[in-house]
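Data block below; observations after.
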Amino acid sequence: MKYFLNIVFFSLIALVSGCETTNTEREASDSINAKSGQEILLRAFYNVNPDCSLNGVPKVIVASAPAHGVVTTSTVSDFPHYANSDPRHKCNARKVPKQAAFYTPESGFVGVDHIKLRAVGNDGPNDLQFVTFKVNVTK
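Going left to right, the sequence shown walks through residues 3 to 141 as the working numbering numbers them.
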């Protein structure tokens, strides 16, 4: 019995050590300018396959809310912006649905605000993008 349990135990270890998880989590930061009380686009998230078919619209979540304004999201239709080196560059000629995040600073606020967004793609938790924004708000 002890021999059998050892075989099972070591088989499980070998099985688990052979597992591989993929995590395409990415982080980015951006510094942008805004006018007090006026809405601006922070970023629009999209997910297009190499054949230009849609791979779902990412879900955008406010991971860290601004202290001096509000963030709203909505689905918009616009052209993607893939680099010339990306195989999906040819898809830039066709509008796709995007999940856009907008920021509106409080009226009268002047200074710096910080926002962190989390975008979850069609592959769920294995397809995450975090973007931190430093927003310089002027009159």
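Think of the CB as a built atom: it goes at the ideal place given N, C-alpha and C, for glycine as much as any other residue.
Since this is a predicted model, take the numbers as computed values, not measurements.
- Just so you know, the alpha carbons of Gly-113 and Ser-38 end up roughly 9 Å apart.
- In this structure, the alpha-carbon of Ala-30 lies about 17 Å from that of Pro-68.
- In the DSSP assignment, Ala-102 is bridged to Ala-46 and Ser-76.
- In this structure, DSSP gives Ala-30 an extended state, which the three-state scheme calls strand.
- The beta carbons of Leu-44 and Ala-103 sit closer together than 9 Å.
- Counting other Cβ atoms within 10 Å of its Cβ, Val-72 stays below 16 and is therefore classed as exposed.
- Only residues of its own chain outside the window of five on either side were considered, and among them Lys-100 and Ala-102 have a CB closer than 6 Å to the CB of Val-78, listed in chain order.
- Within the DSSP bridge table, the entry for Asn-138 names Asn-35 and Val-114 as partners.
- Between Val-122 and Leu-56, the beta carbon gap of about 16 Å keeps them out of contact (Cβ cut-off 8 Å).
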